[in-house]
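Participant: Numbering (the numbering used here), first residue to last: 2 to 256.
Every residue, glycine too, gets a C-beta built ideally from N, C-alpha and C.
Shown next as structure tokens:
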């Protein structure tokens, strides 16, 4: 009876993993469809993004319910519990990626329906490809339980942040050169910001993969220490303050 229950639990665990991966695949396609609608004016893609967003929301509800039931009924061991907790946290980030992708699609429709003539911003397409790749890589790291691949996603977020700043400068320059473009340039900034946030959510998911595999919470530790923990190495010791000799306390003397 115990063996049957154990097999059933692990079967349900694999189903939960599979559903999350399906949800992630939908979100990745939403990001690419949204930016394609912007660059190519194929507005039927906006409707597809919105339909996928509803499916993503349903995935979130269904998977969350599954996780609650699996924890309540089975009292999973440490490794399985970390998996369930990691997926529970990743669900929120994945759903928010979907929300940002839907926002991008809506703005793309507004720009094209208003017949706004604007200079295509190459960086937006490049950013979209980069963050979609981050989502895909985070999902792959999750599926393979690969903390080192997950750490690479965390590092890649730094590149996306740089692209966001470069894109912002580009669009502001464009507005200054032609003030008539201010309105739709603000929409482009909105899209760039949404892409940057998707990158942040992908990074968060990658950090959860490292927690799931290694049991280490790498949030706020910095990229270098994230990579060390992903490899199973100890954190780098912190150097004392330049004004504080080694071995001395930074606290003032008492009394």
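(1) Could you please give the first and the last residue of the uninterrupted alpha helix (DSSP H) stretch that includes residue 46?
(2) In the structure shown, what three-state DSSP assignment does residue 232 receive?
(3) Sorted by chain position, which residues of the same chain lie with C-beta nearer than 7 Å to residue 28's C-beta, five sequence neighbours on each side aside?
(4) Apart from the five residues just before and just after residue 219, which ones in its own chain have a Cβ nearer than 6 Å to its Cβ?
(5) Identify which residue in 215, 179 and 164 has its Cα closest to the Cα of residue 200.
(6) Distance, Cα to Cα, residue 111 vs residue 22?
(7) Rounded to whole angstroms, what is the Cα-Cα separation between residue 52 and residue 77?
(8) Reducing DSSP to helix, strand and coil, say where residue 116 ends up.
(9) When you compare only the Cα positions, how much space is there between residue 42 and residue 68?
(10) Apart from the five residues just before and just after residue 249, which ones in its own chain have a Cβ nearer than 6 Å to its Cβ?
(11) Leaving out five residues before and five after residue 15 in sequence, what residues of the same chain have Cβ atoms less than 8 Å from its Cβ?
(12) On the three-state DSSP scale, how would you describe residue 223?
(13) Look at the alpha carbon of residue 70 and the alpha carbon of residue 176, and state the distance between them as a whole number of angstroms.
(14) Which residue wins for smallest C-alpha separation from residue 82, given the options 225, 236, 216 and 221?
(15) With burial defined as no fewer than 16 other Cβ atoms inside 10 Å of the residue's Cβ, what is the status of residue 116: buried or exposed?
(16) How is residue 35 classed by DSSP in three states: helix, strand or coil?
(17) Report all residues from its chain with a CB closer than 8 Å to the CB of residue 194; omit the five preceding and five following residues, and keep chain order.
(18) How is the alpha helix (DSSP H) around residue 200 delimited, first residue to last?
(19) How long is the line joining the alpha carbons of residue 80 and residue 213, rounded to whole angstroms?
(20) Give me the Cα-Cα distance between residue 10 and residue 75, rounded to the nearest whole angstrom.
(21) So what does DSSP say about residue 78, is it helix, strand or coil?
(22) Just list the alpha helix (DSSP H) runs in the stretch 116–180, keeping only unbroken ones of 4 residues or longer that don't cross its boundaries, in chain order.
(23) Can you tell me whether residue 235 is buried or exposed, with buried defined as 16 or more other CB within 10 angstroms of its CB?
(24) Taking the CB atoms as reference points, tell me whether residue 125 and residue 169 lie closer together than 8 Å.
(25) What residues in its chain sit with their C-beta under 6 Å from that of residue 206, if we drop five residues either side in the sequence?
Facilitator: Taking the structure as given:
(1) 45–75
(2) coil
(3) 57, 95, 98, 99, 102 and 136
(4) Excluding sequence neighbours, residue 219 sits near 208, 211, 227 and 230.
(5) Relative to the Cα of residue 200, the nearest Cα in the group 215, 179 and 164 belongs to 164.
(6) 31 Å
(7) 35 Å
(8) coil
(9) 40 Å
(10) Caution applies to residue 249, whose pLDDT of 42 falls short of 50 and renders its modelled position unreliable; the value that the coordinates give is listed next. Nothing listed; no residue qualifies.
(11) none
(12) coil
(13) Each residue's CA atom was taken as its position, placing residue 70 and residue 176 some 53 Å apart.
(14) Nearest Cα to residue 82 within the set 225, 236, 216 and 221: 216.
(15) Counting of Cβ neighbours within 10 angstroms places residue 116 among the exposed residues, the total staying below 16.
(16) helix
(17) 165
(18) 183–215
(19) 7 Å
(20) 7 Å
(21) coil
(22) 123–145 and 148–178
(23) exposed
(24) no
(25) 91, 94 and 139
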